[in-house]
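The working numbering applies: residue 4 is where the sequence shown begins, and numbers increase by one. For reference, the structure discussed in these notes is given below.
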Amino acid sequence: MMNVDEKVEYWLDIASYDLKTAQSMLRAKRFLYVGFMCHLVIEKALKAYYWDKKREEPEYTHNLIRLCEISGLNEILSENQKQFVDTLMPLNIEARYPKDKRLLLKELNNKKCKEIFKEKKEFYKWIVKLLKR
Numbered sequence: 004m005m006n007v008d009e010k011v012e013y014w015l016d017i018a019s020y021d022l023k024t025a026q027s028m029l030r031a032k033r034f035l036y037v038g039f040m041c042h043l044v045i046e047k048a049l050k051a052y053y054w055d056k057k058r059e060e061p062e063y064t065h066n067l068i069r070l071c072e073i074s075g076l077n078e079i080l081s082e083n084q085k086q087f088v089d090t091l092m093p094l095n096i097e098a099r100y101p102k103d104k105r106l107l108l109k110e111l112n113n114k115k116c117k118e119i120f121k122e123k124k125e126f127y128k129w130i131v132k133l134l135k136r
């Protein structure tokens with residue numbers, strides 16, 4: 004059984020792995036998966052943050068807004084960070100099950116994915132910095 008610190012490290016480790024996958028997808032121009040992987044990176048970092056602050060298992064959800072709320076992180080997010088979370092939210096489902104792949108690919112073009120990737124990386128690093136003891 005893992006202790007709390009091990010749980011935090013577990014979530015950060017798989018978030019880091021997904022970060023590299025997102026970068027690979029960006030290089031390969033697999034834009035649907037860039038959005039999806041960016042969502043996963045932040046979701047896992049938020050679960051690490053939750054473990055660190057609440058010392059218990061977070062509820063089962065992929066909802067980034069909900070994870071920010073229940074972890075207490077929402078109270079210290081900037082408006083830009085909140086907007087970024089709002090941007091990432093639908094990419095979990097939309098990227099995996101696109102209703103209209105062509106329409107989504109118009110939105111998730113190279114420029115947009117580079118922006119999302121950059122913001123995700125900054126947000127991820129910010130969360131990790133908050134976890135430094």
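We put the beta carbon where it would ideally sit given N, CA and C, even for glycine. In this text, all values refer to a predicted model and were calculated from it rather than measured experimentally.
Starting from the C-beta of residue i, find all residues in its chain whose C-beta is less than 7 Å away, skip the five residues before and the five after it, and write them out in chain order.
{"i": "residue 75", "result": "56"}
{"i": "residue 28", "result": "36, 37, 40"}
{"i": "residue 82", "result": "none"}
{"i": "residue 133", "result": "52"}
So residue i and residue j are in contact, right, with Cβ under 8 Å, and what is the actual spacing, rounded?
{"i": "residue 127", "j": "residue 43", "result": "Rounded, the Cβ-Cβ distance is 11 Å, inconsistent with contact."}
Apart from the five residues on each side of it in sequence, which residues of its chain come closer than 6 Å, Cβ to Cβ, to residue i?
{"i": "residue 18", "result": "44, 47, 48"}
{"i": "residue 116", "result": "29, 34, 37"}
What residue range does the alpha helix (DSSP H) around residue i cover?
{"i": "residue 30", "result": "7 to 30"}
{"i": "residue 113", "result": "113 to 134"}
For residue i, which residues in the same chain have their Cβ closer than 8 Å to its Cβ, ignoring the five residues on either side in sequence?
{"i": "residue 41", "result": "25, 91, 94, 119, 120, 123"}
{"i": "residue 54", "result": "7, 10, 11, 14, 60, 61"}
{"i": "residue 5", "result": "13"}
{"i": "residue 72", "result": "none"}
With distances taken from CA atoms, which of the options is nearest residue i?
{"i": "residue 31", "options": "112, 88, 50", "result": "112"}
{"i": "residue 15", "options": "51, 6, 108", "result": "51"}
{"i": "residue 84", "options": "110, 125, 133, 64", "result": "125"}
{"i": "residue 130", "options": "63, 65, 77", "result": "77"}
{"i": "residue 88", "options": "66, 96, 106, 107", "result": "66"}
{"i": "residue 64", "options": "86, 102, 20, 96", "result": "96"}
### Query
Fully enclosed by the region 38 to 67, which alpha helix (DSSP H) runs are 4 residues long or longer?
Whole alpha helix (DSSP H) segments, 4+ residues: zero.
### Task
Quick one: which unbroken alpha helix (DSSP H) runs of 4-plus residues sit fully inside the region 75 to 99? Chain order, please.
Runs of the alpha helix (DSSP H) lying entirely within the region 75 to 99, each at least 4 residues long, are 82 to 91, 94 to 99 in chain order.
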